[in-house]
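Q: Take numbering that gives the first Met the number 0: the last position of the sequence shown gets the number 440, and nothing is skipped along the way.
The beta carbon of each residue, even a glycine, is placed where N, CA and C say it ideally should be.
Please read these numbers as outputs of a predicted model, since none were measured by experiment.
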Amino acid sequence: MRRALTLLTSLTITASLTLVAAAPAPAAPTPSDTDNAAVFGTGAVPVRAVPTSAGTFRVTGTGKSAQALDDAAMQDLTTSAAESGRDLSAVVAAHQGIHEFSAYTTQLEETSPDVFVRAGLATEGGAANPWIQFTAKPSADIVAALERLPVNTEVQYGAPASSTELADLAYALTTSLAARSDVIQSAGTRYDPERRVLRLQYAPVGGIQRSALDSVFQGALTSGTIGGQLPIEVVFELDADRAGVNERTIEGGRDLNLTNGDAHCTAGFTVVRYGNRGVLTARHCNNALRYGNAVGLISTSPGQAPNAAIDLQFHRTLTENGHSTNMQFRATNRQAAGDRTVTAVGNAPVNSAVCHWGRTSGYRCTYIADTNTCQVYLGGHRWCGLDVTDADVSAGGDSGGPWFFGNTARGIHSGAWDDRESYLTRISRVNQHLDATVLRN
């Protein structure tokens, strides 16, 4: 256990690239010690005293039988077990009483924010083993409430900070770092109960030297104090590959922007290519596109057809950043009600009605005048595999957007002859030249 009060006298990155607000700082490193280390700052931020009382005890639940796990819950448990490779029976056993336990701990977090830290399930032993962590030994009222649950609960107390304090500290730290987007690309916090520290993983902007982060980290730590003290030690960990973004679902018809935020193209239908899901757009659109003007959602190294005359490209959904892909596409101006799900894929016959969605033109319809043509656009580039409409119903920015009839995918918008006709890469070219398959229900 660390000292009751520790002072941050230096911020040091060790050989494992961990920046620790810890106490007390060692003597200045010798030259031989600095090969894999760098010192950040010399300011002092005191860390609040660790609780002196700590321990663990078990509360036996005497409540009535736990609420049964219904079909929906069992479906979720079966899926989670399959995806994680865990034994289903053990997962089911661990979740007995989950409804009552989670309801009480949710209430506890709201009513006792000064002592509650977090709650969880342990899967060892093939039975329900829920646990709760507190900063101090819980009151008799809390113990009595735990006894009324239909499961036994392990109580752990002596944690250095409550859930509210951890949340407030995380907010202060990340708010401070978010304001320094000139040097910090992304950052996120995790509580480490074994080390009893708050871990903050960060990725610096490319080319930023560690020494340039001195005042940035010092300012973040200072902003996280409560009454001039940190409620818990903070460990800064370099994670250069980190890409913290909001989870999103990629679908067709949404805006695509350049990296500077400027409006650019429109997303087409969603597809699967070589086992990876993603979204189509026009090949002539910029490669480094942002889906919905947000970074980290789609790849910036798109897949393109070997035939350079086919105006198609594929941007993979970055599932490693938590994003997913559905079968929907924007079809009309009716906001959420304007989304449709692809149920069929087919080229449009001549004289048949066809519609499209583009970020500039919105929802427009016309008819097919010709199919499978080639066109040479301004600038001399030739595009082939194009269907032609009998009217120009598109504008700049619509490129890459979906063409459709009902719920049938017809093509990807390519361009137009102003005031005369619009062009779309026919949908069969997606499979023929891009080795991709449109996602459909």
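1. So the alpha helix (DSSP H) F100 belongs to, where does it begin and stop?
2. Would you say V116 and S52 are within 7 Å of each other, going by their C-beta atoms?
3. Does the separation of the CB atoms of H314 and I297 fall below 7 Å?
4. Sorted by chain position, which residues of the same chain lie with C-beta nearer than 7 Å to R439's C-beta, five sequence neighbours on each side aside?
5. Can the beta-carbon of N332 be found less than 7 Å from the beta-carbon of G361?
6. Would DSSP call N430 helix, strand or coil?
7. Starting from G119 and walking both ways along the beta strand (DSSP E), at which residues does that stretch end?
8. In angstroms, rounded to a whole number, what distance separates the CA positions of Y290 and L107?
9. So, at 6 Å on beta carbons, what are the nonlocal neighbours of L145 in its own chain, with the 5 sequence-adjacent residues on each side left out?
10. What residue from L433, S413, D434 and D418 has the CA that sits closest to T424's CA?
11. Taking the alpha helix (DSSP H) that Y170 belongs to, which residues open and close that run?
12. Buried or exposed for W402, please, with buried defined as at least 16 other CB atoms from any protein chain shown within 10 angstroms of its CB.
13. According to DSSP, H355 sits in a beta bridge with which residue or residues?
14. Less than 6 Å between C-beta atoms, sequence neighbours within five positions excluded: which residues of the same chain meet that for S427?
15. Candidates V392, Q431, T388 and A48: which alpha carbon is nearest V196's?
16. Leaving aside the five residues before and after W416 along the sequence, list all residues of the same chain whose C-beta is less than 7 Å from its C-beta, in chain order.
17. Closest by CA to S111, which one among P129, N128 and K136?
18. Taking K174 and A186 to be in contact with their CB atoms under 8 Å, please state how far apart those CB atoms are, rounded to whole angstroms.
19. Based on Cα-Cα distance, which residue from R419, F216, G321 and D386 lies nearest to R409?
20. So for V44, helix, strand or coil by DSSP?
A: Answer, in terms of the structure:
1. Walking along the sequence shown from the start, residue 100 turns up at place 101. Per DSSP, F100 belongs to the alpha helix (DSSP H) from I97 to T110.
2. Translated into positions along the sequence shown, residue 116 becomes position 117. Translated into positions along the sequence shown, residue 52 becomes position 53. It is not a contact, given that the beta carbons lie outside the stated cut-off.
3. For the purposes of this step, residue 314 is taken as residue 315 along the sequence shown, with counting starting at 1. For the purposes of this step, residue 297 is taken as residue 298 along the sequence shown, with counting starting at 1. Cβ distance < 7 Å, so H314 and I297 count as in contact.
4. Along the sequence shown, one-based indexing puts residue 439 at 440. Closer than 7 Å at the Cβ level, and outside the excluded window around R439, lie M326, V341, T342, A343 and V344.
5. Residue 332 sits at position 333 when you count from the first residue of the sequence shown. Residue 361 sits at position 362 when you count from the first residue of the sequence shown. Annotated as proximal: N332 and G361, with beta-carbon spacing under 7 Å.
6. As a position in the sequence shown, residue 430 is number 431, starting the count at 1. DSSP, reduced to helix, strand and coil, places N430 within a helical segment of the structure shown.
7. What you label residue 119 is simply residue 120 of the sequence shown in a count that begins at 1. It spans F115 to A121 - the beta strand (DSSP E) in which G119 sits, taken as one unbroken run.
8. The residue labelled residue 290 in the question sits at position 291 within the sequence shown. The residue labelled residue 107 in the question sits at position 108 within the sequence shown. Going from the Cα of Y290 to the Cα of L107 covers about 40 Å.
9. For the purposes of this step, residue 145 is taken as the residue at position 146 of the sequence shown. Result list for L145: V58 and T152, in chain order.
10. For the purposes of this step, residue 424 is taken as the residue at position 425 of the sequence shown. Ranking the options by Cα distance to T424, first place goes to S413.
11. In the sequence shown, the residue the question calls residue 170 occupies position 171. Y170 -> alpha helix (DSSP H) spans S162 to A177.
12. The sequence position of residue 402 within the sequence shown is 403, counting from 1. Buried is the call here.
13. The residue labelled residue 355 in the question sits at position 356 within the sequence shown. DSSP output for H355 lists R363 and W402 as bridge partner(s).
14. As a position in the sequence shown, residue 427 is number 428, starting the count at 1. Result list for S427: N346, in chain order.
15. Reading the sequence shown from its first residue, position 197 is the one you call residue 196. Nearest C-alpha to V196: A48.
16. Translated into the one-based positions of the sequence shown, residue 416 becomes position 417. So the list reads D391, once near-sequence residues are dropped.
17. As a first step, residue 111 is located in the sequence shown; it is residue number 112 there, counting from the start. Among P129, N128 and K136, the Cα nearest to that of S111 is on K136.
18. In the sequence shown, counting from the first residue as 1, residue 174 sits at position 175. In the sequence shown, counting from the first residue as 1, residue 186 sits at position 187. A quick correction: the sequence has Thr, not Lys, at residue 174. Rounded, the Cβ-Cβ distance is 10 Å, inconsistent with contact.
19. Position 410 of the sequence shown, counting from 1, holds the residue named residue 409. Nearest of R419, F216, G321 and D386 to R409, Cα basis: D386.
20. As a position in the sequence shown, residue 44 is number 45, starting the count at 1. Looking at V44 - three-state DSSP - the assignment turns out to be coil, as it is neither helix nor strand.
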